[in-house]
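Residue numbers (my numbering): 76 to 300.
Cβ coordinates follow ideal geometry from the N, Cα and C atoms, glycine included.
All figures in this text were calculated on a predicted structure; none of them were measured in a lab.
All remarks here apply to the structure that follows.
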Amino acid sequence: MSEFTKQIMTLDEAIETIRGPALSEIGQIHHQFVLDNGSRSDRFYEGRWNSGDPLALYEQKLLQAIEKLPPAKSYHEIGGGIGLVPITLGLMGHKAVNIDSAQVRIAHGENILSALVNDYPDLSHRVQMLCASVPQAFAEVDTKDAIAISTNLGAPRSEEFFKSFLRTVQDLYAEYIFDVCLLWGTHRTERDWQDHLERVSTVWKTEPEFLFNVGGAARYYRVRF
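As structure tokens, this is what we get:
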């Protein structure tokens, strides 16, 4: 048994462990946007940098919800950015994949992972960084008995793409945990997210289970296939 396996962390321990390397990398992102590019700050990461907390509240609540559910063979976050959720899951002893289409975000995630692997070498076998778009990415990972996750798929897509994505996830994964407010579009008002959830339920022919919300900004659901 490896030293890392003996030191599988609780969620709180994992969050504290990732804090330093993650904030260091987020600081680089902030520097590149504001100083190097002379552009306005990347607001997605600005709040994390200013608060000193790399994981947003919705990510922490997501990890708390996952912690209470039966463990999966693997967790795949679609559009996971720099991969803080998958890396945290890896520190907790799970296998996880961070899927993102932007090479620069994957590179930042790899830097965080590399910093942690110095002390936790088995983490390199638990967490994978994959630069790919969906649905092509699904051919590069083992989806059997895995759980798909999405927290920030805000880019609008065609109805054809949306339905095809949902059916593919249903065919490949054991379960899907998602924010309906940011599922291939932005759906913030109550009427909007309710209508969107109905569209999702119609495609799957099943009603997802509500997990939690974060004010009016995020509503997470779980569906088992």
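Contact belief for residue i with residue j at Cβ below 8 Å, rounded distance in angstroms
| i | j | result |
| --- | --- | --- |
| Gly-154 | Leu-247 | About 16 Å; that fails the 8 Å criterion. |
| His-151 | Ile-224 | 7 Å |
| Pro-210 | Phe-240 | 7 Å |
| Arg-294 | Val-244 | In fact, because the Cβ distance is near 18 Å, the residues do not count as touching under 8 Å. |
| Ile-93 | Ile-162 | 6 Å |
| Leu-56 | Leu-159 | Because residue 56 is not part of the residues shown, which for the chain are 76 to 300, the question remains open. |
| Leu-98 | Trp-124 | 7 Å |
| Arg-242 | Val-278 | 7 Å |
Candidates the options, of which the one nearest residue i by Cα
| i | options | result |
| --- | --- | --- |
| Ser-208 | Gln-178, Val-202, Leu-188, Leu-137 | Gln-178 |
| Ile-157 | Cys-206, Met-84, Gln-245 | Cys-206 |
| Ala-89 | Ile-181, Ala-249, Leu-198 | Leu-198 |
| Ser-176 | Asn-186, Met-204, Gly-165, Leu-188 | Met-204 |
| Arg-299 | Gly-122, Ala-97, Pro-145, Leu-98 | Pro-145 |
| Leu-164 | Arg-201, Pro-129, Asn-288 | Arg-201 |
| Asp-267 | Ile-252, Tyr-251, Thr-281, Ala-292 | Ala-292 |
| Glu-235 | Asn-173, Phe-253, Arg-274, Arg-263 | Arg-274 |
| Ile-252 | Gly-95, Tyr-296, Lys-238 | Tyr-296 |
| Ala-147 | Glu-91, Leu-272, Met-167, Ala-131 | Met-167 |
| Glu-91 | His-271, Gly-122, Gly-127, Glu-121 | Gly-127 |
| Val-172 | Ala-212, Asp-270, Asn-186 | Ala-212 |
| Asn-186 | Glu-142, Pro-96, Ser-149 | Pro-96 |
| Ala-302 | Ala-230, Val-278, Ser-233, Ile-174 | Nothing can be reported for residue 302: it is not among the residues displayed for the chain, which extend from 76 to 300. |
N-terminal and C-terminal residue of the alpha helix (DSSP H) that residue i is part of
| i | result |
| --- | --- |
| Asn-193 | Note, Asn-193: premise wrong, no alpha helix (DSSP H); not H, not E. |
| Arg-266 | 265-279 |
| Phe-236 | 234-247 |
| Ala-140 | 132-143 |
| Val-160 | 159-166 |
First through last residue of the beta strand (DSSP E) which encompasses residue i
| i | result |
| --- | --- |
| Asp-175 | 171-175 |
| Gln-203 | 202-206 |
| Leu-286 | 284-289 |
| His-151 | 149-153 |
| Val-298 | 293-299 |
| Phe-253 | 250-254 |
| Ile-224 | 221-225 |
Proximity test, Cβ basis, 8 Å: residue i and chain B
| i | result |
| --- | --- |
| Gln-103 | The displayed structure is made up of one protein chain only, and chain B is not part of it. |
Would you be able to state if there are at least three C-beta pairs under 8 Å between the segment 181-194 and the segment 214-231? no
Between the segment 91-103 and the segment 250-264, are three or more C-beta pairs nearer than 8 Å? no
Could you check whether the segment 125-144 touches the segment 280-295, counting it as contact only if at least three pairs of C-beta atoms, one from each stretch, sit closer than 8 Å? yes
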